[in-house]
Amino acid sequence: MADFETPEIKEYPVIPHLQEGVMAHSKPFVAKEEFQEQLGFPGELVDNWEQVALDKMQELTGKYRGFQVFLDSCVKCGACTDKCHYYLGTTDPKNMPVARQDLLRKVYRRNFTFAGKYFPKLVGAVDLTKEVLDDWYSYFHQCSQCRRCSVYCPYGIDTAEISMAAREIMDCVGVGQKYCNEIIGKVYKIGNNLGLPEPALVDTLEGLEEEVEEDTGVKVRFPVDEKGADVLVVTPSADFFAEPHVDGLIGYAKVFHEAGISWTLSSHASEAANFGMFIGSYENMRKVSMRIREAALDLGVKRIIMGECGHAWRVAYSFLNTLAGPFDFLDPNYPVPQHILEFTHDLIQRGALTLDKSANDDMIMTYHDSCNVARASRMGSRPGGQFTIPRDVIRASCNHFFDMPQETIHEATYCCGGGGGLLTDDLMELRVKGALPRMEALKQVVEEHGVTHMAAICAICKSQFSKVLPYYGFTMDSIVSVHQLVSNAIVLGNKQ
Amino acid sequence: MPFLTIVYALLFYVATALLVGGLAYKIRQYAKTPAPLKIPTTPAPVTRSGVALRMFRELAFFESLFKSNKWIWLFGYLFHFGMFLVLARHLRYFTDPVWTWVDLIQPFGMYAAFAMAAGLAGLWARRFLVDRVRYISALSDHLMLALLMAIALTGMAMDYLTHTDIVAVKAFFLGLMYFNWQPLPQDPVLLLHLALVAALMIIFPISKLLHAPGIFFSPTRNQVDNPREQRHLAPWAAKLENK
Ligand code: HEM
Ligand code: SF4
Ligand code: SF4
Numbered sequence: 003m004a005d006f007e008t009p010e011i012k013e014y015p016v017i018p019h020l021q022e023g024v025m026a027h028s029k030p031f032v033a034k035e036e037f038q039e040q041l042g043f044p045g046e047l048v049d050n051w052e053q054v055a056l057d058k059m060q061e062l063t064g065k066y067r068g069f070q071v072f073l074d075s076c077v078k079c080g081a082c083t084d085k086c087h088y089y090l091g092t093t094d095p096k097n098m099p100v101a102r103q104d105l106l107r108k109v110y111r112r113n114f115t116f117a118g119k120y121f122p123k124l125v126g127a128v129d130l131t132k133e134v135l136d137d138w139y140s141y142f143h144q145c146s147q148c149r150r151c152s153v154y155c156p157y158g159i160d161t162a163e164i165s166m167a168a169r170e171i172m173d174c175v176g177v178g179q180k181y182c183n184e185i186i187g188k189v190y191k192i193g194n195n196l197g198l199p200e201p202a203l204v205d206t207l208e209g210l211e212e213e214v215e216e217d218t219g220v221k222v223r224f225p226v227d228e229k230g231a232d233v234l235v236v237t238p239s240a241d242f243f244a245e246p247h248v249d250g251l252i253g254y255a256k257v258f259h260e261a262g263i264s265w266t267l268s269s270h271a272s273e274a275a276n277f278g279m280f281i282g283s284y285e286n287m288r289k290v291s292m293r294i295r296e297a298a299l300d301l302g303v304k305r306i307i308m309g310e311c312g313h314a315w316r317v318a319y320s321f322l323n324t325l326a327g328p329f330d331f332l333d334p335n336y337p338v339p340q341h342i343l344e345f346t347h348d349l350i351q352r353g354a355l356t357l358d359k360s361a362n363d364d365m366i367m368t369y370h371d372s373c374n375v376a377r378a379s380r381m382g383s384r385p386g387g388q389f390t391i392p393r394d395v396i397r398a399s400c401n402h403f404f405d406m407p408q409e410t411i412h413e414a415t416y417c418c419g420g421g422g423g424l425l426t427d428d429l430m431e432l433r434v435k436g437a438l439p440r441m442e443a444l445k446q447v448v449e450e451h452g453v454t455h456m457a458a459i460c461a462i463c464k465s466q467f468s469k470v471l472p473y474y475g476f477t478m479d480s481i482v483s484v485h486q487l488v489s490n491a492i493v494l495g496n497k498q
Numbered sequence: 002m003p004f005l006t007i008v009y010a011l012l013f014y015v016a017t018a019l020l021v022g023g024l025a026y027k028i029r030q031y032a033k034t035p036a037p038l039k040i041p042t043t044p045a046p047v048t049r050s051g052v053a054l055r056m057f058r059e060l061a062f063f064e065s066l067f068k069s070n071k072w073i074w075l076f077g078y079l080f081h082f083g084m085f086l087v088l089a090r091h092l093r094y095f096t097d098p099v100w101t102w103v104d105l106i107q108p109f110g111m112y113a114a115f116a117m118a119a120g121l122a123g124l125w126a127r128r129f130l131v132d133r134v135r136y137i138s139a140l141s142d143h144l145m146l147a148l149l150m151a152i153a154l155t156g157m158a159m160d161y162l163t164h165t166d167i168v169a170v171k172a173f174f175l176g177l178m179y180f181n182w183q184p185l186p187q188d189p190v191l192l193l194h195l196a197l198v199a200a201l202m203i204i205f206p207i208s209k210l211l212h213a214p215g216i217f218f219s220p221t222r223n224q225v226d227n228p229r230e231q232r233h234l235a236p237w238a239a240k241l242e243n244k
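Put into C-alpha cells, the structure is as follows:
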C-alpha cells in the first residue's frame, strides 16, 4: 500500500522509546509562487530571510501574549512528552510537544534573551540557519494544532500557538505550505475549499433534493441564497458530496424540515472551514470569516448555524465575534453562531422531533471527540456541553452506544491524525502513524462491545478516518456523521 | 566593617534590585502584550470567579500536572510546597518581632527542607532516567536543579551539622533593610548558602523560573470562556477594521 509501515496496535498502549530523526523526511509540498502571493506572502525564500524571520518573530511576541509567555515559561518538566499522538505514532522525539516548541524557542533564546545571547550553549540556544528552517518546515507540519499537550502542561503551554506562529513566520519568508495556501486561495476566488462554483453547488443540492424525495417520499428542501430565510447555514464544502459528510447534510435538511424553520446556504460563504487559522494568519483568518458576515447581511437572515466541522467550529465559536462581529443585526435570542448540534439537541429536548432509534440498529456506535470542538470551544451554556450534547443526540438516535476509554475521549481526546492543515496526500505516512492512539482506543471498544461504527462531527476527521481506517484493518465506511444517524432515525412529516 | 560583610551587603542589594527590576520588566511586558483571540483550553470556566478558582487549583494543587503525570506531580509538589514552607520560615530573619504564624510554622519548616530536597532529587533523577526527559534537558536545566539542591543542602547543613550564629545573621539582614549594616558571621557554609541564594535571585528573571509569573498570564488558563457573549478585540486588531 505504501513505503512505510503501519504501526502495530499493541494489546495495551505503551509510551515508545524515542528514535531520533525517523520523521525528518516528512514534509508537505511547498506552495508555488502564485498561491503565496494571493495571500500576501512572498513567492519564494527571500534573500535576507533570516532577518525577516527574526523581525516577524519579534512582531508576534509583541502581538500575542500567549506566544511570549509560552516561550518564556516552559520548565522542561516533560509532562507533555507522551501526550502527542504524533510522538506516540512516530517515536520521533521532535514530535514531543516541548521538543517541537524548542525548535523555535532555541532561536528565540539566541536572539531575544540574555542567557541565549551570552551563554547559548548553556541553554541550548542556536542561530537561525537553513537547517533550522528545514526542521521547522518539517516538524511544524507534523503538529495538527490539536491542543492535547496544552491540557496537560502545568502552565497550559499550547504548542498549537507556537506552530501557528512558526507557520506564519515561514509564510512571511516565502516558504508556505501548498495544501493550506492553495485552499485559502480557492476560498477567495471561488468561495469554498473544494473550488466548487455556484452553478455546480446549485446542481448538487438539486440532486440531493431528488435523492431524498426518492428515498422518503417527502420533499425536503436544500435552499441556496434564499433571501429572507431565518437561518444561514455555513457548512464545510465536503458536506456537499464527500462520504459520509453528505449524509450529515441530509440530516440537517431533514431537521430543518421537521422544525419548520426556513434556512438557506450561501454561495458566497459556501465553506465553513477557515484554513487561515492553520497558518496562524490573523489577517487571512479575518478575511475568510468576513464572508460569513457579508452573506448574513446580504441574505437578511436572523441566525447563523454552523455545520459539523471541528476547526470551523473553533473559529466560529471562539473567534467569529472577534473577527467579523459585532452581530447586533441578528436575533439576540440566539447565540451567534450556533452549532447544528445545539439546534438539533434543543429540538429533541423540546420533543419537536420524532426519532426512531431502531433505524440505526444495524450499527453499534462509538463517538470520536474532535480536538477543536473538545479543547477549543463549547456547545450549550455549560462547560463540557461539547461532550454531552453530541452524545445526547447520538443516544437519542440509536440504541447502541459505547464510549472509548476515558483517557482517549472528552478533553483527553486524540486527534484523528489529519487536522491542522495536514490532510493532504503528501503527508500520508504522518497521517497513518498519527492515527495510532485513536485506532488503539477504537480497537478496544470493537473487541469489548462489538462496536461497528464511529461517529464524528468534523469534516477533516471524517475524511482522514475514511482514508486511514483501512490501514488498521477497519473498513472505510465505519466512520459516520452524527447527523447521518439523525437522518436515519428521523420520522418525517410527523410534526406538522 | 569586615570586607566580606561589605561584599555580601552589596551583593544582596544588587541581587534584590535585579530580581525586582527584572520581574517588574517581564510582568509589565506580559501585562501589556494583548491576547487578541480567545484561546482558553476548554472546558473552561464561563465566569471571572470560575477562572479565579481554576487558577487557584493550578497554583495550589498543580491540577493540570496531576492529570498529566503522577511522578512529576509528586516530586514537583514536594519540591515547591517544601520550598514554600522553607521560604516562609525564613521570614523570621526579616521580621522583628517575628510574626506569630511564622513562629508557628518553624517546626514544619524543618521537615519541609527534606521534602524540598527529596522532590529535587526525584526531578533530577527523571532527567537521567527517562529518555524523553533526557532528550529535552539542556545543561541549564541540570544546573538549575544543582543550584536549588545546593541551597537546600547547605541550609540543612547549618541546621544539623555546623550551626551558625543565626542571631547575627538576622542582625545582618535587618541591617541591610534599615541601612544600618551589621557584621555577617564568617562561616564558610553560611557564605556559600547566601552566595547561592543571591545567584538564584539574579538568575530568576532571565531563566525558566519565569514560569512563576508566567502562569498568571497564560491565556489558555486565565481567559473566561465567553466569546459569543462578549466581543473580544485587541487594539491592533481593531485597527484592521478601519482599513
Ligand atoms: C507561582 C508559583 C509557582 C508555581 C505555580 C510553580 C509551578 C511549577 C510546576 C507545576 C513545575 C513543573 C513540575 C516540576 O518540575 O516541579 C515547576 C517546575 C519548576 N519550578 Fe516552579 N512554580 C512556582 C514557583 C517557583 C519558584 C519561586 C521557583 C524557584 C525559586 C521554582 C522553581 C522551579 C524549578 C527549578 C522547576 C523545574 C524542575 C525540574 O527541573 O524538573 N518554581 N514549577
Ligand atoms: S498541539 Fe497536538 S499535534 Fe501539536 S504538539 Fe500538541 S499534542 Fe502534538
Ligand atoms: S508540560 Fe509544559 S512546561 Fe512541561 S515540558 Fe511540556 S511545555 Fe514545558
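Line by line, the protein sequences give chains Y and S. One point on numbering: in the working numbering, the residue at position 229 of the first sequence is 231, and numbering is uninterrupted. One point on numbering: in the working numbering, the residue at position 29 of the second sequence is 30, and numbering is uninterrupted. All C-beta atoms in this analysis are idealised placements derived from N, C-alpha and C, irrespective of residue type, glycine included. Just so it is clear, the structure is predicted and the values come from calculations on it, not from any experiment.
Review point. For the stretch 44 to 59 of chain S, which residues have a CB atom closer than 9 Å to at least one CB atom of chain Y, in sequence order?
Key: 44, 45, 46, 47, 51 and 59
Point to revise | Sequence-distant residues of the same chain with beta carbon closer than 7 Å to residue 239 of chain Y, five excluded per side | key: One-based indexing of the first sequence puts residue 239 of chain Y at position 237. 194, 195, 196, 198, 272 and 273.
Practice item. Figure out for me which residue from Y:495, Y:248, Y:394 and Y:156 has the closest Cα to the Cα of residue 74 of chain S. Key: One-based indexing of the second sequence puts residue 74 of chain S at position 73. Closest option to residue 74 of chain S, Cα to Cα, is Y:156.
Review point. Does the beta carbon of residue 225 of chain S come closer than 8 Å to any beta carbon on chain Y?
Key: What you label residue 225 of chain S is simply residue 224 of the second sequence in a count that begins at 1. Closer than 8 Å: no.
Point to revise | Those residues which DSSP pairs with residue 458 of chain Y across a bridge | key: Stepping through the first sequence from its first residue, residue 458 of chain Y is reached at position 456. The partner list for residue 458 of chain Y (beta bridge, DSSP) reads Y:483.
Point to revise | Close Cβ partners of residue 498 of chain Y (< 8 Å) along its chain, the five nearest in sequence each way excluded | key: The residue you call residue 498 of chain Y lines up with position 496 of the first sequence. The predicted model places residue 498 of chain Y with a pLDDT of 47, which falls under 50 and marks its position as unreliable; any figure quoted below should be read in that light. 262, listed in sequence order.
Point to revise | Alpha carbon of residue 283 of chain Y to alpha carbon of residue 112 of chain S, nearest angstrom | key: As a working mapping, residue 283 of chain Y is identified with position 281 in the first sequence. As a working mapping, residue 112 of chain S is identified with position 111 in the second sequence. Those two C-alpha atoms are separated by around 52 Å.
Review point. Just to confirm, are residue 166 of chain Y and residue 147 of chain Y a CB contact at a threshold of 8 Å?
Key: As a first step, residue 166 of chain Y is located in the first sequence; it is residue number 164 there, counting from the start. As a first step, residue 147 of chain Y is located in the first sequence; it is residue number 145 there, counting from the start. In contact: residue 166 of chain Y and residue 147 of chain Y (Cβ atoms closer than 8 Å).
Review point. From the beta carbon of residue 77 of chain Y, is the nearest beta carbon of chain S less than 8 Å away?
Key: In the first sequence, the residue the question calls residue 77 of chain Y occupies position 75. Output row for residue 77 of chain Y: interface = yes.
Check your understanding: Under a three-way DSSP split, which group does residue 129 of chain S fall into?
Key -> The residue labelled residue 129 of chain S in the question sits at position 128 within the second sequence. Residue state, collapsed to three classes: helix.
Review point. Which of helix, strand or coil does DSSP assign to residue 2 of chain Y?
Key: The structure shown does not extend to residue 2 of chain Y, since chain Y is modelled only from 3 to 498, so the question has no answer here.
Review point. Taking the alpha helix (DSSP H) that residue 144 of chain S falls in, what are its first and last residues?
Key: Here the question's residue 144 of chain S lines up with position 143 in the second sequence. 140 to 158 is the extent of the alpha helix (DSSP H) around residue 144 of chain S.
Practice item. Compute every distance between the C-beta of residue 302 of chain Y and the non-hydrogen atoms of ligand 1, then say whether any falls below 7 Å. Key: The residue labelled residue 302 of chain Y in the question sits at position 300 within the first sequence. Incorrect: residue 302 of chain Y has no Cβ contact closer than 7 Å to ligand 1.
Check your understanding: Applying a beta-carbon distance threshold of less than 9 Å, which residues of chain Y neighbour residue 28 of chain S?
Key -> Locating residue 28 of chain S in the second sequence gives position 27, where the first residue counts as 1. Result: empty, since nearest Cβ-Cβ is about 11 Å, beyond 9 Å.
Practice item. Compute the distance between the beta-carbons of residue 157 of chain S and residue 118 of chain S, then report whether it is under 8 Å. Key: Within the second sequence, residue 157 of chain S is the residue found at index 156, counting from 1. Within the second sequence, residue 118 of chain S is the residue found at index 117, counting from 1. Yes. Within cutoff.
Practice item. Please report the residue range of the beta strand (DSSP E) in which residue 234 of chain Y lies. Key: The sequence position of residue 234 of chain Y within the first sequence is 232, counting from 1. Looking at the DSSP string, the run of the beta strand (DSSP E) that includes residue 234 of chain Y is 233 to 236.
Review point. In chain S, which residues lie with their C-beta within 8 Å of the C-beta of residue 324 of chain Y?
Key: Position 322 of the first sequence holds residue 324 of chain Y. The answer, in chain order, is 37, 38, 39, 228, 232, 233, 234 and 238.
Practice item. Examine the Cβ distances between the stretch 361 to 372 of chain Y and the stretch 478 to 493 of chain Y and report whether three or more of them are shorter than 8 Å. Key: yes
Check your understanding: At what residues does the alpha helix (DSSP H) containing residue 171 of chain Y begin and finish?
Key -> For the purposes of this step, residue 171 of chain Y is taken as residue 169 along the first sequence, with counting starting at 1. Residue 171 of chain Y -> alpha helix (DSSP H) spans 161 to 175.
Review point. Comparing the C-beta of residue 78 of chain S with each C-beta of chain Y, is any distance below 8 Å?
Key: Residue mapping note: residue 78 of chain S aligns to position 77 of the second sequence, counting from 1. Output row for residue 78 of chain S: interface = no.
Practice item. Inspect the CB distances between the stretch 68 to 79 of chain Y and the stretch 400 to 419 of chain Y and report whether three or more fall short of 8 Å. Key: no
Point to revise | Secondary structure of residue 492 of chain Y, DSSP reduced to three states | key: For the purposes of this step, residue 492 of chain Y is taken as the residue at position 490 of the first sequence. DSSP places residue 492 of chain Y in strand when its eight states are reduced to three.
Point to revise | Proximal residues to residue 280 of chain Y (C-beta, below 8 Å), its chain only, five neighbours per side dropped | key: In the first sequence, residue 280 of chain Y corresponds to position 278, counting from 1. If we look at residue 280 of chain Y and ignore the five residues flanking it on each side, its Cβ neighbours are 147, 166, 169, 182, 313, 422 and 423.
**Study point:** Simplified DSSP assignment, three categories, for residue 403 of chain Y
**Key:** Within the first sequence, the letter at position 401 stands for residue 403 of chain Y. Strand.
Review point. Under 8 Å between the Cβ atoms of residue 184 of chain S and residue 6 of chain S?
Key: As a working mapping, residue 184 of chain S is identified with position 183 in the second sequence. As a working mapping, residue 6 of chain S is identified with position 5 in the second sequence. A contact, by the Cβ cut-off of 8 Å.
Review point. Are there 16 or more other CB atoms within 10 angstroms of the CB of residue 351 of chain Y, so buried, or fewer, so exposed?
Key: Here the question's residue 351 of chain Y lines up with position 349 in the first sequence. Result: exposed.
Check your understanding: Can a CB atom of chain S be found closer than 8 Å to the CB of residue 58 of chain Y?
Key -> Sequence index remark: in the first sequence, residue 58 of chain Y carries index 56 (1-based). Output row for residue 58 of chain Y: interface = no.
Check your understanding: Can you tell me whether DSSP reads residue 115 of chain Y as helix, strand or coil?
Key -> Against the first sequence, residue 115 of chain Y aligns to sequence position 113. Coil.
Review point. Any chance the CB of residue 220 of chain S is under 7 Å from a heavy atom of ligand 3?
Key: For this step, residue 220 of chain S is matched to residue 219 along the second sequence. For ligand 3, not one heavy atom lies less than 7 Å from the Cβ of residue 220 of chain S.
Review point. Since residue 222 of chain S contacts residue 56 of chain S with CB under 8 Å, what's their CB separation in whole angstroms?
Key: On the second sequence, residue 222 of chain S is found 221 positions in, with the first residue counted as 1. On the second sequence, residue 56 of chain S is found 55 positions in, with the first residue counted as 1. Sure, about 6 Å apart at Cβ, within 8 Å.
**Study point:** Distance between residue 234 of chain S and residue 66 of chain Y (C-alpha atoms, nearest Å)
**Key:** Indexing the first sequence from 1 puts residue 66 of chain Y at position 64. Indexing the second sequence from 1 puts residue 234 of chain S at position 233. Rounded to the nearest angstrom, the two C-alpha atoms are 12 Å apart.
Point to revise | In chain order, each beta strand (DSSP E) run of at least 3 residues that lies wholly inside the stretch 24 to 109 of chain S | key: none
Review point. What in chain S is Cβ-close to residue 337 of chain Y, meaning under 9 Å?
Key: If you number the first sequence from 1, residue 337 of chain Y lands on position 335. Result: 229 and 230.
Check your understanding: Is the Cβ-Cβ distance between residue 158 of chain Y and residue 47 of chain Y less than 8 Å?
Key -> Residue numbering aside, residue 158 of chain Y sits at position 156 when the first sequence is read from its first letter. Residue numbering aside, residue 47 of chain Y sits at position 45 when the first sequence is read from its first letter. Not a contact, by the Cβ cut-off of 8 Å.
Exercise for review: From the DSSP output, in three-state form, read off residue 5 of chain S for me.
Suggested key: Numbered from 1 along the second sequence, position 4 holds the residue referred to as residue 5 of chain S. It is helical.
Check your understanding: Tell me which same chain residues have a C-beta within less than 7 Å of the C-beta of residue 94 of chain S, skipping the five on either side of it?
Key -> Counted from its first residue, the second sequence places residue 94 of chain S at position 93. Contacts found: 170, 171 and 174.
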